[in-house]
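Student:
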Amino acid sequence: MSDPVLLLGDRFQAALVLAFGPEHAGVDPAIRPSNHADFQANLALGLAKTLKKSPRDVAAAILAKLDGTGVVERTELAGPGFINIWLRAEFLSAEVARVAAAGTAGVEAHPTPERIVIDYSSPNVAKEMHVGHLRSSVIGDALARVLEALGHTVLRQNHLGDWGTPFGMLIEHLLDEGADADAHSIRDLNAFYQAARAKFDASPEFAARARVRVVSLQSGDEATLGFWRKLVEASRTHFNALYRLLGVTLKDEDIAGESLFNPMLGEVVSELESMGQCVENEGAKCVFVPGYVGRDDKPLPLIARKQDGGYGYAATDLAAIRYRLQTLNATRILYVVGAPQTQHLAMIRDAAIQAGWLALPARAEHVAFGSVLGEDGKVLRTRAGATVRLIELLEEGVERARSIVAEKAPELPIEQRDAIARAVGIGAIKYADLSSDRVKDYVFDWSRMLAFDGNTAPYLQYAHARICSILRKSNESVELASIAISEPQERVLALSLLAFPRALADVAESLSPHRLCGYLYDLATAFSAFYEHCPVLKAATPEVRRSRLLLSATTATVIARGLELLGIEAPEKM
RNA sequence: GCGCCGGUAGCUCAGUUGGAUAGAGCGUUGGCCUCCGAAGCCAAAGGUCGUGGGUUCGAUUCCCCCCCGGCGCGCCA
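Following numbering that gives the first Met the number 0, the numbering of the first sequence begins with 0 at its first residue and continues without gaps.
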């Protein structure tokens, strides 16, 4: 247990029970980092009323029973009833040394691991990925990495848009043109998609054929399926290249697109019908969930089966949630999907509860996120008004980073500069996306995300590279060194290092990667202050030098590990 | 009309789940390289936490009414 908050929590709970009886065993000791001390315990203020004593008396009684052996240097009763806590320097030293020796940055596996499905990225076949797919891919991947690091079993599900109406018009258009899908790069298919779309909107005759083609696709017509497979294959190559460049861990085996659920749709609908949960309404088969009304004040349905006999996304999503619960045995399902789909996903979740598929302790959560905006405050688009292609965005990021690296580190060989440019450029884009509260929109701004000041990837990468430089120069193995905390900057750094597991737990609970970003920024800032005030290589004694080297090495480990969990590289030079 | 999400320094954003004097970066002003990477550090100035109520020892945080902005609301996904 390297986290002082947990250890102090145990000690204070024990003291509380000794002071006021076992009925208080479950009370949150409310240990918080403090501006006035290392930590503060706020439990006395909340207990005062139920105990019918003044908060200060409660705090004093708890302090009288507190066993701080080996951990607490001193305590202080302050203000209306706050308990300020200072930790023993020896305790901090030993805990940091343990973190350093364990090589896991202090993170321990969760006592009750879960099977967590994460639905993320989900691009559309036969369309290029655009900036809209960035957030789902990057946020979902960070959550997958963090939850895995905490010991959970993560089942990545890339819910590809590889089925449905668009394929009718795409295949029909391909047949019209006599084109061979093999000959087209994905970029051509992108243009192809737009042409098909235009035709679909302009020609009722074409639209009718497209709808018929959808039906033959859904009914398994071999010729139709042949074209479909070519489209899927070409798209998958494109997606994989982007995932590799972007550093997203999705693999082919994580693909669980809409087509996977096609064979289940009829069965899902008839199961819902037999339970009386799906009823005929205006020619469609509908699931009604209480609490949802439309514009006209009438109950809002999920359309499980359309008037024309086809199935829409509601049917697919119902089949998917059932599959994830009953076949994948998920205990937790995370949908990393944009905020506009909040109502739809809530209806899917409630319908699954209503059908008895989803029951506690299993749960389904929408990890909603806002839009990427341009400088005009509107959804990011190119100057021509088109959606921004993700590949172009990433390449521009790498290019901008490349010129900065060429300026700052001209002495490095070109191959190494290229690798650094990728790490910095891609890292900056991902970090900008991850570091703000995901439910909010954010403005895409190159100069801010590539800055070396503030809460950015380059700042963290720089802090890491600078430590690596010190370690290279030290020419000394410090694995077994002991740590001595004497300067205030060393204490702040040690406390920050020990907070890493807490930061990860926080991300897992809030499903907000930006909490990890905030933590890493604090850590890097703490290291910078330490670096300025505490000479490492030129420390006064060999013992202090070794201690500070180990503190530095541990910081580098935690920063690199934290960035890795965000899906961002940490170069040793930059 | 109903619903969801936002509103914190000039700008861009945090705020550890109700705690003490609301914090960063940019920008502005002023300092720090004969010294481990200055892509860095230190400091100053800058706030009616959208408005008004409520809950209580205590509210940026929880509840309610408004104001402003974004998004969603039957066979697209």
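All residues carry an ideal CB built from backbone N, CA and C; glycine is no exception.
What are the start and end residues of each continuous alpha helix (DSSP H) run of 4 or more residues lying completely inside the segment 64-106, in chain order?
Tutor: The qualifying runs are 88-101.
Student: In angstroms, rounded to a whole number, what distance separates the CA positions of H151 and Y530?
Tutor: Taking the first residue of the first sequence as 1, we reach residue 151 at position 152. Taking the first residue of the first sequence as 1, we reach residue 530 at position 531. Straight-line Cα distance between these residues: approximately 36 Å.
Student: In this structure, does DSSP put R382 in helix, strand or coil?
Tutor: For the purposes of this step, residue 382 is identified with residue 383 of the first sequence, where counting begins at 1. Three-state DSSP puts R382 in coil, outside helix and strand.
Student: Taking the alpha-carbon positions, what's the G45 to A29 distance?
Tutor: For the purposes of this step, residue 45 is taken as the residue at position 46 of the first sequence. For the purposes of this step, residue 29 is taken as the residue at position 30 of the first sequence. Approximately 10 Å between the Cα atoms of the pair.
Student: Helix, strand or coil for L565? Go by DSSP, reduced to three states.
Tutor: The residue labelled residue 565 in the question sits at position 566 within the first sequence. L565: coil per DSSP, three-state reduction.
Student: Going by CA-CA distance only, name the one from D27, G384, Q276 that's closest to D375.
Tutor: The residue labelled residue 375 in the question sits at position 376 within the first sequence. Ranking the options by Cα distance to D375, first place goes to G384.
Student: Find the nearest neighbour of A195 within the set L497, F166, H132, judged by alpha-carbon distance.
Tutor: The sequence position of residue 195 within the first sequence is 196, counting from 1. Minimum Cα distance to A195 is reached at F166.
Student: Are the beta-carbon atoms belonging to A100 and A552 less than 8 Å from one another?
Tutor: On the first sequence, position 101 is the one that residue 100 refers to. On the first sequence, position 553 is the one that residue 552 refers to. In this structure, A552 does not lie closer than 8 Å to A100 by Cβ.
Student: Tell me A240's beta-bridge partners as DSSP assigns them.
Tutor: Taking the first sequence and counting its residues from 1, one reaches residue 240 at position 241. In the DSSP output, where bridge partners are listed per residue, A240 has none listed.
Student: Would you give the residue range spanned by the alpha helix (DSSP H) that T152 belongs to?
Tutor: Translated into positions along the first sequence, residue 152 becomes position 153. That residue, T152, is in no alpha helix (DSSP H); its beta strand (DSSP E) goes 152-156.
Student: Any idea which residues DSSP pairs R114 with across the strands?
Tutor: Locating residue 114 in the first sequence gives position 115, where the first residue counts as 1. In DSSP, R114 forms a bridge with T152.
Student: State the DSSP-derived secondary structure class of R31, mapped to helix, strand or coil.
Tutor: Looking up residue 31 in the first sequence gives position 32. Strand.
Student: Going along the chain, which residues of its own chain have a beta-carbon closer than 6 Å to the beta-carbon of T381, five neighbours each way excluded?
Tutor: Counting from 1 along the first sequence, the entry for residue 381 is found at position 382. The answer, listed in chain order, is V387.
Student: Consult DSSP for L301 and reduce its assignment to one of helix, strand or coil.
Tutor: Looking up residue 301 in the first sequence gives position 302. Correct three-state label for L301: strand.
Student: Let me check one thing: in DSSP terms, what residues is Y334 bridge-paired to?
Tutor: Within the first sequence, the letter at position 335 stands for residue 334. Paired residue(s): D118, H365.
Student: E410 by DSSP, collapsed to three states: which one?
Tutor: The count along the first sequence starts at 1 and reaches residue 410 at position 411. Looking at E410 - three-state DSSP - the assignment turns out to be coil, as it is neither helix nor strand.
Student: Which residues does DSSP pair with A283 in a beta bridge?
Tutor: Mapped onto the first sequence, residue 283 falls at position 284. According to DSSP, A283 bridges with N280.
Student: State yes or no: is the C-beta of I580 within less than 8 Å of the C-beta of V397?
Tutor: The chain is shown from 0 up to 573; residue 580 falls before or after that span and cannot be answered.
Student: Quick one: what's got a C-beta closer than 7 Å to P3's C-beta in the same chain, skipping five residues either side?
Tutor: Residue 3 sits at position 4 when you count from the first residue of the first sequence. Around P3: F38, L86, L497.
Student: Given this structure, state the Cα-to-Cα distance separating S215 from H343, to the nearest angstrom.
Tutor: Taking the first sequence and counting its residues from 1, one reaches residue 215 at position 216. Taking the first sequence and counting its residues from 1, one reaches residue 343 at position 344. If you take the alpha carbons of S215 and H343, they lie about 27 Å apart.
Student: Specify, as a first and last residue, the run of the beta strand (DSSP E) that F38 falls within.
Tutor: Counting from one through the first sequence, the residue named residue 38 turns up at place 39. Here the beta strand (DSSP E) through F38 covers 38-40.
Student: Counting beta carbon pairs with one atom in the segment 446-454 and one in the segment 154-172, are three or more of them shorter than 8 Å?
Tutor: Touching, no.
Student: Per DSSP, which one or two residues make a beta bridge with N123?
Tutor: Numbered from its first residue, the first sequence carries residue 123 at position 124. BP columns for N123 point to G160.
Student: Would you call V211 buried or exposed, if buried means 16 or more other Cβ atoms sit within 10 Å of its Cβ?
Tutor: For the purposes of this step, residue 211 is taken as the residue at position 212 of the first sequence. By the 10 Å Cβ count, V211 comes out exposed.
Student: Between K52, I567, A125, W162, which lies nearest to H80 when the distance is taken from Cα to Cα?
Tutor: For the purposes of this step, residue 80 is taken as residue 81 along the first sequence, with counting starting at 1. This sequence places Gly at residue 80; His is not what is there. The option with the nearest alpha carbon to G80 is K52.
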